[in-house]
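Data block below; observations after.
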Amino acid sequence: MKGMRSVMLSGVVALAALVGATGPGCAEGTIVDETSTGTGTPPLEEQITPAPGGARRLLARQYQRAVRQVLGEEAAAAVAPPIDIKLHGFASVGATELAMSPVDVEAYETSARAVAKAVTSDPVKLASLLPCQPLNPGDSACYASIAGTFGRKLWRRALEPSESGAIAAIGVKAGGVYMSAPKGVAYVLSALLQAPEFLYVVEVGEPIDGDEARRRLTPLELATRMSLFLVDAPPDDALLDLAESGGLDDEAGIRSAATELLARDEARSTLEAFYDEVFRFERLDETVKTADRFPEWTPELKGSIHASIHAFLEDLVWNENADARTMLTATHAFVDANLAPLYGVSVPAGSGLVKVELPAEQQRAGLLGSAAFLSIYSHASMSSPTKRGVFMRRTLLCDSVPPPPAEVVPKLPDDPADGLTTKELLEQHMKDDNCKSCHSLFDSLGWSLEKFDPVGRFRTIEKGKPIDTSGESPNIGSFAGPKELAGLLAEHYQVPDCMVRNLYRDATGHLETDGEEPALEDLHRRFEEKGFRVQELLVELVASPAFRMVGEPR
Amino acid sequence: MVLIPSKPLHRRTLLRGALGGVGATLALPLLDAMLDGHGEALADGEALPVRFLSYFFGNGVRLDQFVPPIEGPTYPLTAELMPFGAVKDYVSVLTGFNSHCAPSNKITHHEGMVIFSGFNNKDVGEGQGFYSNAGGPTIDQVIANTPGVGDKTIIKSFQLGISKRPSEVDFGTTMHAMSHAGYLMPLAPTYDPQKVWTQLFDSFTPPEDPSGPLRLGVLQLVRDSAKRLDKRLGAADRARLEAHLQGVAELEKKVAALPPLCEKPMKPTEANVDVGGNEPLVSVSQVMAELLKYAFRCDITRVASILFTEGAGNTIFADLGHDTAHHWYTHDEDAGMQNKQVHDGVVFAMERLAYLLETFKNEADGPGANLLDNTAVFCSSDCSEGISHSVDDQPMIVAGRAGGKLTHPGLHYRSKTGENPTDVLLTLRQVFDPAATAVGAEEPMSTTPFAPLKAT
Chain W
72 MKGMRSVMLS GVVALAALVG ATGPGCAEGT IVDETSTGTG TPPLEEQITP
122 APGGARRLLA RQYQRAVRQV LGEEAAAAVA PPIDIKLHGF ASVGATELAM
172 SPVDVEAYET SARAVAKAVT SDPVKLASLL PCQPLNPGDS ACYASIAGTF
222 GRKLWRRALE PSESGAIAAI GVKAGGVYMS APKGVAYVLS ALLQAPEFLY
272 VVEVGEPIDG DEARRRLTPL ELATRMSLFL VDAPPDDALL DLAESGGLDD
322 EAGIRSAATE LLARDEARST LEAFYDEVFR FERLDETVKT ADRFPEWTPE
372 LKGSIHASIH AFLEDLVWNE NADARTMLTA THAFVDANLA PLYGVSVPAG
422 SGLVKVELPA EQQRAGLLGS AAFLSIYSHA SMSSPTKRGV FMRRTLLCDS
472 VPPPPAEVVP KLPDDPADGL TTKELLEQHM KDDNCKSCHS LFDSLGWSLE
522 KFDPVGRFRT IEKGKPIDTS GESPNIGSFA GPKELAGLLA EHYQVPDCMV
572 RNLYRDATGH LETDGEEPAL EDLHRRFEEK GFRVQELLVE LVASPAFRMV
622 GEPR
Chain G
382 MVLIPSKPLH RRTLLRGALG GVGATLALPL LDAMLDGHGE ALADGEALPV
432 RFLSYFFGNG VRLDQFVPPI EGPTYPLTAE LMPFGAVKDY VSVLTGFNSH
482 CAPSNKITHH EGMVIFSGFN NKDVGEGQGF YSNAGGPTID QVIANTPGVG
532 DKTIIKSFQL GISKRPSEVD FGTTMHAMSH AGYLMPLAPT YDPQKVWTQL
582 FDSFTPPEDP SGPLRLGVLQ LVRDSAKRLD KRLGAADRAR LEAHLQGVAE
632 LEKKVAALPP LCEKPMKPTE ANVDVGGNEP LVSVSQVMAE LLKYAFRCDI
682 TRVASILFTE GAGNTIFADL GHDTAHHWYT HDEDAGMQNK QVHDGVVFAM
732 ERLAYLLETF KNEADGPGAN LLDNTAVFCS SDCSEGISHS VDDQPMIVAG
782 RAGGKLTHPG LHYRSKTGEN PTDVLLTLRQ VFDPAATAVG AEEPMSTTPF
832 APLKAT
């Protein structure tokens, strides 16, 4: 997991020095090369040092989709896999590195048994699902056929006869004990679903030209990695067939398969889950606001806010196939009756979300103007320019933001009369050089949004004083308010670069390493060539050599 | 407000010493059933079990309201220790110890968790700043893995959580779990009392149920599958598979075990769901204390941990009228309200622990003894005071007599020399493993137990 890219940090550090920051923390960092991409360079595949391969655990949502894809809706409704634990903000990184606990193992057993029960409780439905009908509770051949058929879909490879035979044996045993063929089937399914070969996705590849440290994913491994990344489900039969017949052996085949995956409905909810994770919108539900100041902060409003940001992103990526940077600059939003008053627009007719233009005087722009972002990145009773600014640095720019140095007491200045605005408090705070070195990098970015209160409502006055949203920030520039800042960010090299990085981390389950930088820069270039369209980036990403290669197993 | 409707546990009965028979119909605590004729040891001659509980609350205390002014067993209860009035004899307060964690561990809050393990955190600051992972097993896991402790019970150890509002400043796992089986092996707590109940009391297989052997057959297939995978993987993934198989082994033990003979509590109605946007912290704490009492009494497990709130967590103490996270109050201190809010939050946390200790004290456990007599509890936080994040003078509470091995009545000890808090962990480890000579590694390691805590 070593090697969060430090190039970006170096930019920040240089500019921290420009603003006279002398404190610790943000003054550290290493400068890393900018890889040359001149002529005469070797093919991209040879420029890359791939990250180690290994085994990743299926994410909870991937587990559920696997069950749904293979065994149906009722089976999927019965699953209860363990909750994913994140590392670096990504469940997929946690799934790569963390060990399972005994409670997790038991949860997988409980879940598998519940799925098996759901699948086998209705004999008519069961009959329609199975590749053969057991002639009796001890029909070993049919159990083996069931293990082989579902095993290939779940384990993402063909089972050896000895493997399906061993699983059939447990079916025969259970069928005999209960004198019931469905019980036999239930145990076959339970065994398939508890197997580490289902729960762990193996990505070890095969050595390229005998080099153990440079390995190409096998076609089935690649099909699995693609499918899990793009639709949160294992490859279906068609994709498995394609992989086995050599259809993923060249980039054209991969692009075509990726495009087909993106046409599936699941692609939308998969990307939605990615944005929920990377922007942390999943925390809306638990976001609390001071009840007497924000009585409108109800579960219904939170639900509308969450649906609104989902609709905004879905429209941008899938309906409009727009430049992803308009995520920051768009002047429209999706509102329903709950949300319209908060945004100061008229209540739409009907019950659903409607796309509306936002009032120009508020200068609300895109993601950073959304109630979802503004409310999550605030405190319960006051806004938080720090949280908002750190988000821009860390999540939009992929800067590395160090924690406060140990000797600093992170304490806001006294304000006994309660007369200071949030900005004034933070300005006083920044008079301390120890604080300034880092806070100057993000607090001023957050000031631009001070006209949006802790629930994202527009305001012009705080503590009786007019709010000033102007500011400047190292390596960003100066801005009069949120709209100008959004424009600066949208034009910033690091913003689309960071979009690439965040998707890559999610896709591969690790933070990018220096050895992968040439591939990421190549992806950035391709993203730009394709007009910064996310759908195109997704295709390019799975076609990238870095996505298709691994190093020696961890 | 006790939300588990249940009959009281019965004391000794006619079936003393009997393990077999019609288990399902017995209505008595397992321990009584297992006691020898004198009620002073288990039927197989082993000593009565000692249990271990570690307890965590986030963001430290206010030292001026916490540290007692005098040392020794007659220490007065300060404002933040006042909740322990009914159990004071069982409570020792240890102050003035300074964390020996590596200076490079210090990224605020995270390093405080070293107090539960004696291992430096790893991966500190990687990537996103507020990042680390526990560097080794926490003390509860070390004790659970001691021969004669975790291997004696159906469940080796269990992890409970109360507040579900996570820390915003832990992009690793150090603070999201307080129990770690090792590096990159966090043991996530279970927050829902109904799930806890199912895990602890309702997932056993009656001997006449034919599913038991079949489930074991499936688990053998799991082992076969792991073996096939193992050959293809590197060392780090093989270690993860090994952890998976450890879980399989624990599950096999549970499936193969006879259901405990004791009366199980009824399923709690509490499911730790927010009420009006607020967490039911009081109710969940009480129910968890009850469930743990039953689990310890029934000898289902001997080791547990409770994560009350996370370090730098987002918990809001709505019961106190708070509308802002406790962590935030610790950084927004002025001379006025916030002082009080931080303090009240600490008292609230201590009240929850005190309730648990009282619950244990009120539960008989062996002749003339109560459950707290036979338990060792270690409680601490991620820092001394939230506002400074300092890991000098982190509050430590050790409660219970641990089967007579810990000093009684409890005392206040204030180190003058910034002793290593891991010394306290070593003392606790030696309660379960007298031959143990060390806890932890590198700077925070201890090889010198803290003597004043031992019974004389």
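Chains as they are written, first to last, in our numbering: chain W, 72 to 625; chain G, 382 to 837.
From the three backbone atoms N, C-alpha and C, an ideal C-beta is built for every residue, glycine too.
Remember, it's a predicted structure, so these values are computed and weren't measured experimentally.
Query, Result
"9 Å Cβ cutoff met for Leu-429 (chain W) and Gly-440 (chain W)", "yes"
"CB of Phe-513 (chain W) within 9 Å of CB of Pro-589 (chain W), strictly", "no"
"Range covered by the beta strand (DSSP E) that runs through Thr-756 (chain G)", "756-761"
"Below-9 Å beta-carbon distance, Ser-387 (chain G) vs any chain W residue", "Model confidence at Ser-387 (chain G) stands at a pLDDT of 38, short of 50, so the residue's coordinates are unreliable; what they give is reported in the following sentence. No, Ser-387 (chain G) does not count as interfacial toward chain W."
"Beta-carbon proximity list for Ile-538 (chain W), same chain, < 8 Å, skipping 5 on both sides", "Thr-492, Lys-494, Glu-521, Lys-522, Arg-530, Thr-531, Ile-532"
"Proximal residues, the region 601-617 of chain G versus chain W, C-beta separation under 8 Å", "Leu-602, Val-603, Asp-605, Ser-606, Ala-607, Arg-609, Leu-610, Arg-613, Leu-614, Gly-615, Ala-616, Ala-617"
"Where Gly-694 (chain G) falls: helix, strand or coil (DSSP)", "strand"
"Alpha-carbon to alpha-carbon, Val-779 (chain G) and Thr-798 (chain G)", "20 Å"
"Chain W contacts made by the region 564-576 of chain G, where a contact means CB separation under 8 Å", "Leu-565, Met-566, Pro-567, Leu-568, Ala-569, Thr-571"
"Cβ neighbour criterion (16 or more within 10 Å) applied to Ala-420 (chain W)", "exposed"
"Residue nearest to Ala-170 (chain W) in terms of C-alpha spacing, selected from G:Asn-479, G:Met-463, G:Ala-467, G:His-561", "G:His-561"
"Same chain, Cβ closer than 6 Å to Ala-314 (chain W), neighbours up to 5 away in sequence not counted", "Pro-290, Leu-291, Ala-294"
"DSSP-derived helix/strand/coil call for Lys-634 (chain G)", "helix"
"Range covered by the beta strand (DSSP E) that runs through Leu-355 (chain W)", "Here Leu-355 (chain W) belongs to no beta strand (DSSP E), and DSSP marks it neither H nor E."
"Backbone secondary structure at Asn-659 (chain G) - three-state DSSP", "strand"
"Residue range of the beta strand (DSSP E) that includes His-561 (chain G)", "560-563"
"The region 267-277 of chain W touching the region 184-197 of chain W, judged by at least three CB pairs closer than 8 Å", "no"
"Straight-line gap, Ser-340 (chain W) to Val-302 (chain W) (C-alpha atoms, nearest Å)", "8 Å"
"Identity of the residues DSSP links to Pro-567 (chain G) by a beta bridge", "G:His-561"
"Outcome for Lys-426 (chain W) when other beta-carbon atoms lying within 10 angstroms are tallied against a minimum of 16", "exposed"
"Member of W:Ala-617, W:His-581, W:Gly-586 whose CA lies at the smallest distance from the CA of Leu-594 (chain W)", "W:Ala-617"
"Option in W:Ala-393, W:Asn-573, W:Leu-264, W:Glu-322 with minimal Cα separation from Ala-614 (chain W)", "W:Glu-322"
"Proximity test, Cβ basis, 9 Å: Arg-546 (chain G) and chain W", "yes"
"Nearest-angstrom Cα separation, counted from Ala-836 (chain G) out to Leu-541 (chain G)", "29 Å"
"For Pro-267 (chain W) and Val-603 (chain G), believed in contact at Cβ under 8 Å, the rounded distance", "7 Å"
"Thr-476 (chain G) (DSSP reduced to helix, strand or coil)", "strand"
"Host beta strand (DSSP E) of Phe-539 (chain G) (start-end)", "539-542"
"Validate contact between the region 517-537 of chain G and the region 814-821 of chain G using beta carbons, cut 8 Å, 3 pairs", "yes"
"Contact belief for Arg-139 (chain W) with Ala-146 (chain W) at Cβ below 8 Å, rounded distance in angstroms", "7 Å"
"Which residues DSSP lists as bridging Pro-537 (chain W), in chain order", "W:Ile-532"
"Rounded C-alpha distance that separates Val-186 (chain W) from Leu-225 (chain W)", "13 Å"
"Contacting residues, own chain, Cβ-Cβ under 6 Å from Pro-454 (chain G) (five flanking each side not counted)", "Pro-790, Leu-792"
"Those runs of the alpha helix (DSSP H) which lie wholly inside the region 552-594 of chain W and span at least 4 residues", "553-561, 565-579"
"Short Cβ contact (9 Å threshold) for Gly-516 (chain G) with Ala-693 (chain G)", "no"
"Interface flag, Gln-265 (chain W) vs chain G, CB-CB below 9 Å", "yes"
"Status (buried if at least 16 other CB within 10 Å, exposed otherwise) for Pro-588 (chain G)", "exposed"
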